[in-house]
Every structure is written in C-alpha cells, then in structure tokens.
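Engineer:
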Amino acid sequence: AQSVTQPDIHITVSEGASLELRCNYSYGATPYLFWYVQSPGQGLQLLLKYFSGDTLVQGIKGFEAEFKRSQSSFNLRKPSVHWSDAAEYFCAVGPYNNAGNMLTFGGGTRLMVKP
Amino acid sequence: ETGVTQSPTHLIKTRGQQVTLRCSSQSGHNTVSWYQQALGQGPQFIFQYYREEENGRGNFPPRFSGLQFPNYSSELNVNALELDDSALYLCASSSPDGPNEQFFGPGTRLTVL
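If you read the protein sequences in the order shown, they are chains A and B. All the letters of the first sequence, read from the start, carry residue numbers 590 to 704 under my numbering. All the letters of the second sequence, read from the start, carry residue numbers 381 to 493 under my numbering.
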C-alpha cells in the first residue's frame, strides 16, 4: 500500500531563514510526487511535481524539491522564507497515469514564520 | 481558462440528514476526484468519476455516493450524516490522457451538528 509520511507536524522559522520540509513515501512502482500548499480555509495549490529526469525540481514561489530514491524522500526547500509562506504544506504520491487512481497525501506540515 | 469551482462554500447540517455538494471541473478536464480533509489531516480519497461512472473508490462507506454529468460537473452525496463527516470536501479535476495532475477547488466546509 502506498503511504506518505511528513514527520514534522509544525515548523517555525524566522523570516529570511532557509526552510526544509521533510517527506518520505512508500510506493510500489515509480512514484509521481507532488507538493501542495494550503492557506487557511483554502483549497490546495500545486507547488511542484516530479516524475522523472533531474531529481532537483523547481516550483512556484521560489520552492524546490529534491527526489532521493535511495531514501524514498522528496523534501521541499526554500532558501529564504517570506511571511506569506505561512501555510500548511502537503506532500503527495500517486501513479503517473490518472485513470482510476488517486493521490495519497501525508498529514501535512504547518509552517509558521516569525518576523 | 476557468478553474475548479465548488458550491456551497460552507454548510451546516444535523446528524442523520443528507447533503449534496457540487463541483465544476476545470475547462478541458473530464475526470473528477473527491477528497475528504478532516481538521488537521491530509486529504483522503473518496472516489473518482470518469465518463459519468465511478472509476476508483477509497475506503468510504456506501452512504458516500456521487454523480458525474455530461458536462463533467459532479456531485458528492452523503446520506445519514454522522458527526465525523464534518470536514473540508475537496474536488479535483484532471485529464485521464496525461499525467496524474489534479487541480483542486477551494472546497466545501461541512459541519455536522
């Protein structure tokens, strides 16, 4: 069965500091990996995705993520956090093909940004 | 290009009642998936609809049912509401012809009293 673990429920960083959010997955085939962000009361916005190719992927809002197959990880990073980055972040895994298949999400990491 | 829309935004029901939530898919997308997101948790897959038929289902009881219409919009129906059904219900649309990229709507917040 596929699963996603986000070990950190809450993370607090100072504005301007670097950020790394951890994601570990379990998946029986080649995974298609995603990071989504959710602001309070809002839906999910896709930050970035990875299926193949360069293991370091760039996303929107200055985020990047690195796929490490040997560690089953897909950690999200940002060099300098802005106050507007405060939100909940979700890692997800799924098959490449969509038909009949769903995404499996982690429990999320709530990011708080100190001024 | 119109994104995924959902209605209503918020809903309050009492235990035992029935509820219908609605979703309009993004232009060009003919697949709709529904997710339940309880407070403080990640979204959980309920089911997916493609060509007006259920095309995959998560671990939810039969009182969760759905429909998809010829214009690809979709409904989620929940019968015999329970307190634990209180959650944010998210709809996502996608195209079955390409990679599994799902675009989410803003969600419907359901409160069961």
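Glycine included, each C-beta is placed from N, C-alpha and C at the ideal position.
1) Mind checking ASN457/B: buried by the 16 CB within 10 Å criterion, or exposed?
2) Under three-state DSSP, which class holds LEU463/B?
3) With 16 as the cutoff for other CB atoms within 10 Å, does ASP643/A come out buried or exposed?
4) Among the residues of its own chain, which have a CB less than 7 Å from the CB of SER615/A, if the five just before and after it don't count?
5) Output needed for SER387/B: all residues of its chain with C-beta closer than 6 Å, excluding positions within five of it in sequence on either side, in chain order.
6) For the stretch 435-448 of chain B against the stretch 400-417 of chain B, do three or more pairs of beta-carbon atoms, one drawn from each stretch, fall closer than 8 Å, so that the two count as touching?
7) Have a look at PRO442/B, SER473/B, LEU468/B, ASN435/B and flag the residue whose alpha-carbon is nearest the alpha-carbon of ALA460/B.
8) For GLU677/A, which residues from the same chain have a beta carbon less than 6 Å from its beta carbon, with the 5 sequence-adjacent residues on both sides left out?
9) For TRP672/A, count neighbouring Cβ atoms within 10 angstroms of its own Cβ and tell me buried if that reaches 16, exposed if not.
10) When Cβ atoms are compared, which residues of the stretch 464-493 of chain B fall closer than 9 Å to chain A?
11) Tell me which residue opens and which closes the beta strand (DSSP E) that THR389/B is part of.
12) List the endpoints of the continuous beta strand (DSSP E) containing ILE426/B.
13) On the criterion of 16 or more Cβ atoms from any shown chain inside 10 Å, does MET701/A qualify as buried, or is it exposed?
14) Count Cβ pairs between the stretch 389-400 of chain B and the stretch 479-489 of chain B that sit closer than 8 Å; are there 3 or more?
15) Does the beta carbon of TYR616/A sit closer than 8 Å to a beta carbon anywhere in chain B?
16) Beta carbons nearer than 7 Å to chain B: which residues of the stretch 638-661 of chain A have them?
17) Going by C-alpha distance, which of LYS703/A, PHE694/A, LEU645/A is nearest GLN421/B?
18) Evaluate ILE598/A with the Cβ neighbour count: other Cβ atoms within 10 Å of its Cβ, from every protein chain shown; 16 or more gives buried, anything less gives exposed.
19) Please tell me whether GLN591/A has its Cβ less than 8 Å away from any Cβ of chain B.
20) Note down, in chain order, every chain B residue with its Cβ under 7 Å from the Cβ of GLY632/A.
21) Identify whether GLN660/A lies in helix, strand or coil by the three-state DSSP scheme.
22) Using a C-beta to C-beta distance shorter than 7 Å, which residues of chain A count as neighbours of GLY422/B?
23) May I have the straight-line CA-CA distance separating PHE425/B from TRP414/B, to the nearest angstrom?
24) Measure the CB-CB distance between LEU637/A and ALA654/A and report whether it falls below 8 Å.
Structural biologist: Working from what's here:
1) Of the residues assessed, ASN457/B falls on the exposed side of the cut-off, its CB having fewer than 16 other CB atoms within 10 angstroms.
2) helix
3) exposed
4) Within the same chain, SER615/A has close Cβ partners GLN591, SER592, SER661.
5) ARG402
6) yes
7) PRO442/B
8) GLN627, GLY697, ARG699
9) exposed
10) LEU468, LEU470, CYS471, ALA472, SER474, SER475, PRO476, ASP477, GLY478, PRO479, ASN480, GLU481, GLN482, PHE483, PHE484, GLY485, PRO486, GLY487, ARG489
11) Looking at the DSSP string, THR389/B is not in any beta strand (DSSP E), and its letter there is neither H nor E.
12) 424-430
13) exposed
14) yes
15) no
16) Residues LYS638, PHE640.
17) Ranking LYS703/A, PHE694/A, LEU645/A by Cα distance to GLN421/B puts PHE694/A first.
18) exposed
19) no
20) LEU470, PHE484, GLY485, PRO486, GLY487
21) Note: GLN660/A maps to helix in three-state DSSP.
22) For a Cβ distance threshold of 7 Å, residue set PHE679, PHE694, GLY695, GLY696, GLY697 of chain A lies close to GLY422/B, ordered along the chain.
23) 6 Å
24) The answer is yes: Cβ separation under 8 Å.
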